[in-house]
Amino acid sequence: MKERENKRRIAEKAHALGANLVRCCPVSRWAEYPMQDAAFWPQNIWPWAENVVVIGIPLFAPMMATTPSVVYQELYDTSNRVLDDMAYHLTNYIATSLGYRALYFPRDCYDGIEVLLDRPEAAFSHVLAAYYAGMGTIGDSHNLITREFGPRLRMVSILTDAPLAADDMLAEQLCVHCGKCRRECPSGCFAPGAAGGVYEMDKNACTRYHIQLKRAHHWPCGRCALVCPVGEDLAPYCGQPLVTEAGARHCGTYGS
Ligand code: SF4
Ligand code: SF4
């Protein structure tokens with residue numbers, strides 16, 4: 550009962566803070582379905598952590614469709630700032646109102662894109678946390694794919710020892726293996742995996758392209774997420790262009 554009540558209160562607070570998606574899972578899922586070196590598992594960083602709460606907010610497709618542009622750059626930066634704000638307030642609520650141990654793993658934990666050339670792994674993968682918490686599945690592009698927003702969302706994670714009712718992981722794979730992300734990647738990062746499924750990814754090629762974009766004062770890329778056909782967020786656009794070609798050029802030219 551306590552697990553359900555805690556989860557209800559945390560989800561209610563997260564939604565009140567503006568979260569669209571809220572899911573949780575026990576840290577034991579990192580060991581049950583290992584996909585990363587154990588040094589990255591939350592329980593091996595903070596041994597008191599029992600559960601992870603993941604919250605997600607959308608990136609708006611017509612703004613992404615201008616990529617690379619300052620319009621998308623501002624959207625990306627805003628989503629990170631909003632997520633960190635929400636995570637701060639939710640952590641504060643869990644710690645001071647509910648009385649449990651809690652912290653959040655900040656959204657983008659790196660000091661400049663260049664550092665990813667040496668260490669391409671994130672200190673904590675919000676994608677994996679969201680996958681373990683049943684928010685979506687991992688697509689061939691390595692992005693989290695959700696029913697609601699396809700891969701066009703950003704997430705942040707809160708770790709706590711609050712007892713929480715776990716969400717189930719999704720049984721059905723949401724990636725439809727259409728190959729669009731691979732074909733449309735401007736730096737050719739993806740190659741079909743030996744056993745099919747998730748692509749081999751040249752993360753350094755992606756980083757090098759981002760360094761180039763940053764020097765041109767408009768980044769990140771996000772094309773693999775933009776072109777993915779999965780996601781209810783695309784339904785209102787009825788397959789119509791999200792932006793005109795001239796409009797995308799305009800947003801890519803001015804302001805950067
Ligand atoms: S972000 Fe851009 S460069 Fe990186 S994998 Fe996706 S499409 Fe390719
Ligand atoms: S674009 Fe196609 S292959 Fe790539 S992640 Fe989306 S559904 Fe999967």
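If you want this note's numbering, it's the 1-based position in the sequence shown plus 549. Built from N, CA and C at the ideal position, the CB exists for glycine as well.
Item to complete: Examine ligand 2 and report whether any of its heavy atoms sits within less than 8 Å of the Cβ of VAL776.
Response: At a threshold of 8 Å, VAL776 counts as near ligand 2, since its beta carbon sits closer than that to one of the ligand's heavy atoms.
Practice prompt. Would you check whether ligand 2 has a heavy atom nearer than 8 Å to the C-beta of PRO583?
Written response: No.
Worksheet entry | Proximal residues to LYS562 (C-beta, below 7 Å), its chain only, five neighbours per side dropped | Only residues of its own chain outside the window of five on either side were considered, and among them LEU639, TYR642 have a CB closer than 7 Å to the CB of LYS562, listed in chain order.
Item to complete: Flag LYS729 as yes when its Cβ comes closer than 8 Å to any non-hydrogen atom of ligand 2, and as no otherwise.
Response: Indeed, a heavy atom of ligand 2 lies less than 8 Å from the Cβ.
Worksheet entry | Quiz: which residues have CB nearer than 6 Å to ligand 1 non-hydrogen atoms | Output, sorted by chain position: CYS734, PRO735, SER736, CYS738, CYS755, TYR758, CYS770, GLY771, ARG772, CYS773.
Worksheet item: If LEU762 sits next to PRO617, beta carbons under 8 Å apart, how far is it from one beta carbon to the other, in whole angstroms?
Response: LEU762 to PRO617, Cβ: 5 Å. Contact.
Item to complete: Any chance you could list the alpha helix (DSSP H) runs of at least 4 consecutive residues sitting entirely within the stretch 741-801, in chain order?
Response: For the stretch 741-801, whole alpha helix (DSSP H) runs of length 4 or above, ordered along the chain, are 752-764, 772-775.
Worksheet item: The beta strand (DSSP E) with MET704 in it runs from where to where?
Response: According to the DSSP assignment, MET704 belongs to the beta strand (DSSP E) that extends over 702-709.
Fill in: Rounded separation between CYS727 and GLY746 - CA only
If I take the Cα positions, the gap works out to 11 Å.
Discussion item. Pop quiz: LEU775 and MET635 are said to be a contact at Cβ under 8 Å. What is the actual Cβ separation, rounded to whole angstroms?
Written reply: 24 Å between Cβ atoms; not a contact.
Worksheet entry | VAL705 versus CYS573 - alpha carbon distance | Cα to Cα, VAL705 sits roughly 12 Å from CYS573.
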